[in-house]
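Chemist: Its first residue numbered 138, the sequence shown is counted upward by one per residue in the numbering used here.
We treat Cβ as the ideally placed atom computed from N, Cα and C, and that holds for glycine.
Shown below is the structure under consideration.
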Amino acid sequence: MQYAIIGCGTIGRAHARATSGDQRIQQHYFVDLDLGRAQALADEFGGLAVNHIDALPDNLDGASVTTAPGVHYAITRALLERSVAVFCEKPLAMVEAEAAELVWTARRRNIPLMVGFKMRYDPIFRRASEMIGRAGNLLAVSTTKVQPISGNAEKRQWLERVGAMYELSVHELDLVTAITGLQPQRVLHASLSFRKGWEREDGFCMTVDWGAGVVGSHVANFSEGIGFKFRDTVLTFIGDQGYVRVERPDRIVVHTDEVEVIEVNETVDAFKAELADFVSLVVDGHQPRLLSADGSEGFVTTSLVEAAFRAGGGGSHSGAKSRRSTTMEISGEALLTLDQFSTSNGAGK
Numbered sequence: 138m139q140y141a142i143i144g145c146g147t148i149g150r151a152h153a154r155a156t157s158g159d160q161r162i163q164q165h166y167f168v169d170l171d172l173g174r175a176q177a178l179a180d181e182f183g184g185l186a187v188n189h190i191d192a193l194p195d196n197l198d199g200a201s202v203t204t205a206p207g208v209h210y211a212i213t214r215a216l217l218e219r220s221v222a223v224f225c226e227k228p229l230a231m232v233e234a235e236a237a238e239l240v241w242t243a244r245r246r247n248i249p250l251m252v253g254f255k256m257r258y259d260p261i262f263r264r265a266s267e268m269i270g271r272a273g274n275l276l277a278v279s280t281t282k283v284q285p286i287s288g289n290a291e292k293r294q295w296l297e298r299v300g301a302m303y304e305l306s307v308h309e310l311d312l313v314t315a316i317t318g319l320q321p322q323r324v325l326h327a328s329l330s331f332r333k334g335w336e337r338e339d340g341f342c343m344t345v346d347w348g349a350g351v352v353g354s355h356v357a358n359f360s361e362g363i364g365f366k367f368r369d370t371v372l373t374f375i376g377d378q379g380y381v382r383v384e385r386p387d388r389i390v391v392h393t394d395e396v397e398v399i400e401v402n403e404t405v406d407a408f409k410a411e412l413a414d415f416v417s418l419v420v421d422g423h424q425p426r427l428l429s430a431d432g433s434e435g436f437v438t439t440s441l442v443e444a445a446f447r448a449g450g451g452g453s454h455s456g457a458k459s460r461r462s463t464t465m466e467i468s469g470e471a472l473l474t475l476d477q478f479s480t481s482n483g484a485g486k
């Protein structure tokens, strides 16, 4: 297998480390506009460095897209047009129509497309999937996430254009589907914070109709006062028999007529696990264990985030340094569906 890693920053290095020992990959290519950064990974893991995807060979089989999120769509589209299998880090795209186009292209041309929702592979969330039934019939779900603003100046620059929903919470939103099997139907309410003067929100609270009578409350913010210690995420699933609370990275609390605290000490290299599934899909045709082979999770999360951005008045805030939080009445902002894009712009043709 001929494999490229496009974008040689922190996540690109994680992909290089995860795939470097896979004997099914005969040749690695490292791509970055900063050729020195690409060469550094080529020297560390073995491979060839180039500074543009046009320099990649015609016989390329697969690629990881680990660039800044704003160019995920363009790079993934170019690779799919070359019939190259793509593993794209989240988000797949930041516009619903673009995410839908990528999914329909992958389906129509039968090209593998996976999106990097690696938290599905974390043992604690897999264990939660096994235990959620103890809460009884599901009534509500909540997710909370807090992280520091980290990274170099380059990351901070694109972070302002990506925002908290894509950077912090698409994993948790995807986990609700992975654990419960439910799909988001409608954004009922969204409140967005622009206290840092970013182009996109720096924090949010949204209420989501997940179908089957289940309502979700989802909150995330960046915090200046904490360090990243992995203890950043809490998911709570409330049912008519109690609740199951998942505290990343290592604890699940089950509260029914009794309280049980379960320590989950197993660890897994989630990058390695998800990329091994991708390589197996491309080389052997084996379907991924926990992700789809057409990138559809990427469309669902983009549709949810963009519906929340519209419901919360995103894009309408004024003043680069203002702190604005827009609270709508129950908006009923329905998510767009893949079928709505099946014929528009030729996506499904």
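Could you check how far apart the C-beta atoms of P206 and T439 are, in whole angstroms? I think they sit under 8 Å.
Modeler: With a Cβ gap of about 10 Å, P206 and T439 do not count as contacting.
Chemist: Can you tell me whether H165 is buried or exposed? The criterion is at least 16 other CB atoms within 10 Å of its CB, across all chains shown.
Modeler: Under this definition H165 is a buried residue.
Chemist: Between which two residues does the alpha helix (DSSP H) carrying Q294 extend?
Modeler: It spans 290-301 - the alpha helix (DSSP H) in which Q294 sits, taken as one unbroken run.
Chemist: Can you list, in chain order, the residues of its chain with a C-beta nearer than 6 Å to that of A444? Leave out the 5 residues immediately preceding and following it.
Modeler: Closer than 6 Å at the Cβ level, and outside the excluded window around A444, lie V324, E470, L472.
Chemist: Taking 8 Å as the threshold (C-beta atoms), are V391 and M302 in contact?
Modeler: No, these two residues do not count as a Cβ contact at 8 Å.
Chemist: Once you ignore the five residues that flank L185 on each side, which residues in its own chain have a CB closer than 8 Å to its CB?
Modeler: Closer than 8 Å at Cβ, skipping near neighbours: Q164, H165, Y166, F167, A179.
Chemist: Starting from the Cα of A177, find the closest Cα among G199, A153, D195, N196 and give me that residue.
Modeler: Among G199, A153, D195, N196, the Cα nearest to that of A177 belongs to A153.
Chemist: What are the partner residues of T281, as DSSP defines its beta bridges?
Modeler: In DSSP, T281 forms a bridge with V356, V371.
Chemist: Give me the Cα-Cα distance between S459 and E403, rounded to the nearest whole angstrom.
Modeler: Legend: pLDDT at S459 = 33, less than 50; position of this residue unreliable, value from coordinates given subsequently. Those two C-alpha atoms are separated by around 44 Å.
Chemist: Can you check DSSP and say which residues form a bridge with M251?
Modeler: Answer by DSSP bridge pairing, in chain order: F224.
Chemist: By Cβ distance below 6 Å, which residues in the same chain neighbour S257 in space, the five residues on each side in sequence not counted?
Modeler: The question names Ser, but residue 257 is Arg in the sequence shown. Around R257: A315, L427.
Chemist: Secondary structure at H209, three-state DSSP: helix, strand or coil?
Modeler: Three-state DSSP puts H209 in a helix.
Chemist: Counting beta carbon pairs with one atom in the stretch 239-255 and one in the stretch 407-417, are three or more of them shorter than 8 Å?
Modeler: Short answer: they touch.
Chemist: Rounded to whole angstroms, what is the Cα-Cα separation between A211 and A230?
Modeler: If you take the alpha carbons of A211 and A230, they lie about 9 Å apart.
Chemist: What does the alpha-carbon distance come out to for the pair R447 and I162?
Modeler: Approximately 43 Å, taken between the alpha carbons.
Chemist: For G364, which of helix, strand or coil comes out of DSSP?
Modeler: In this structure, G364 counts as coil in the three-state DSSP scheme.
Chemist: Given D346, which residues of its chain have a CB within under 7 Å of its CB, disregarding the five upstream and five downstream residues?
Modeler: Only Q322, R323, L325, V352 meet the Cβ criterion.
Chemist: Name the residue from A237, N274, S266, M343 whose alpha carbon lies nearest to the alpha carbon of T281.
Modeler: Among A237, N274, S266, M343, the Cα nearest to that of T281 is on M343.
Chemist: Rounded C-beta distance between P285 and F365? I'm assuming under 8 Å.
Modeler: Right, their Cβ atoms sit about 6 Å apart.
Chemist: In chain order, what residues of the same chain lie with their CB nearer than 7 Å to the CB of E400, ignoring the 5 residues before and after it?
Modeler: Closer than 7 Å at the Cβ level, and outside the excluded window around E400, lie D387, R388.
Chemist: I'd like to check one pair, G144 with D171: are the Cβ atoms closer than 8 Å?
Modeler: Not a contact, by the Cβ cut-off of 8 Å.
Chemist: Quick one: what's G149 bridged to in DSSP?
Modeler: None, per the DSSP bridge assignment.
Chemist: Could you tell me if H189 is buried or exposed, where buried requires 16 or more neighbouring beta carbons within 10 angstroms of its beta carbon?
Modeler: That one is exposed.
Chemist: Taking Cβ positions, are F436 and A243 nearer each other than 8 Å?
Modeler: Contact: no.
Chemist: Thinking R337 and V299 are a contact (beta carbons under 8 Å), I'd like their distance in whole angstroms, please.
Modeler: Indeed, because the Cβ distance is near 6 Å, the residues count as touching under 8 Å.
Chemist: Return yes when the Cβ of L276 is within less than 8 Å of the Cβ of G149, no when it is not.
Modeler: Taking 8 Å as the Cβ cut-off, G149 and L276 do not qualify as a contacting pair.
Chemist: CB-CB under 7 Å to V307, same chain, minus the five flanking residues each way: which ones, in chain order?
Modeler: Cβ within range, chain order: K227, P228, T438, V442.
Chemist: Would DSSP call S157 helix, strand or coil?
Modeler: If DSSP states are grouped into helix, strand and coil, S157 belongs with coil.
Chemist: Does the Cβ of A445 lie closer than 7 Å to at least one heavy atom of the ligand PLP?
Modeler: Although the ligand PLP was asked about, the structure shown includes no ligands whatsoever.
Chemist: Assign D421 to buried or exposed, taking buried as 16 or more other Cβ atoms, counted over all protein chains shown, within 10 Å of its Cβ.
Modeler: Exposed.
Chemist: Per DSSP, which one or two residues make a beta bridge with E470?
Modeler: Partner(s): V324.
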